Amino acid sequence: MQEMSIKSSQFNIPGLGCSLTVLLSFWLLSAIGLGWLAKSVLILLVCLVTLPAIAFFVFRWWLKRNLVEDECPVCGYQFTGLNQTQMRCPSCSEPLLIEQGNFKRVTPPGTIDVQAVEVSAKQIEE
Numbered sequence: 028m029q030e031m032s033i034k035s036s037q038f039n040i041p042g043l044g045c046s047l048t049v050l051l052s053f054w055l056l057s058a059i060g061l062g063w064l065a066k067s068v069l070i071l072l073v074c075l076v077t078l079p080a081i082a083f084f085v086f087r088w089w090l091k092r093n094l095v096e097d098e099c100p101v102c103g104y105q106f107t108g109l110n111q112t113q114m115r116c117p118s119c120s121e122p123l124l125i126e127q128g129n130f131k132r133v134t135p136p137g138t139i140d141v142q143a144v145e146v147s148a149k150q151i152e153e
């Protein structure tokens with residue numbers, strides 16, 4: 028008959044010792060009146076896990092609101108920029124202002140911006 032020894036009744040669960048040590052430490056701190064310390068550590072660990080996830084979603088929301096994709100009004104090159112900023116077109120180097128989801132040319136005060144219209148020339152015969 029085989030005897031039940033200590034070695035044959037052991038469980039082999041990885042990570043259980045660490046979890047039990049942490050649980051036992053929290054229980055011991057609570058038992059001696061330092062439960063506030065255990066709760067503080069637990070709150071800190073929860074914040075370390077949740078705050079990066081919340082920051083990721085807040086950054087995506089901010090980027091969705093402020094990222095503008097439009098065409099350069101001068102050369103028609105399509106590129107991306109941040110709203111309420113000023114930048115140059117990567118294709119023609121024209122300074123552009125990004126406002127309300129559109130790219131606008133930056134012109135000095137007093138400059139009149141016109142668009143040329145092509146007119147076909149007819150020869151008049153005399």
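In terms of my numbering, the sequence shown is residues 28 to 153.
Yeah, the Cβ is synthetic: ideal placement off N, Cα and C, and Gly gets one too.
Remember, it's a predicted structure, so these values are computed and weren't measured experimentally.
Residue i classed as buried or exposed, judged by whether at least 16 other C-beta atoms fall within 10 angstroms
i    : result
I139 : exposed
L71  : exposed
F130 : buried
G108 : buried
C99  : buried
L47  : exposed
I125 : buried
L61  : exposed
Where residue i sits in the DSSP three-state scheme
i   : result
L94 : strand
I81 : helix
Residues bridged to residue i (per DSSP)
i    : result
R87  : DSSP, once it has assigned bridges, lists no residue as partnering R87.
N129 : E126
G108 : V95
Cβ distance (whole Å) where residue i is taken to contact residue j below 8 Å
i    : j    : result
E121 : V101 : 5 Å
L64  : L56  : 6 Å
message: Using 8 Å as the cut-off, can you tell me whether the segment 102-117 makes contact with the segment 78-86, which would need three or more C-beta pairs spanning the two stretches below that distance?
response: no
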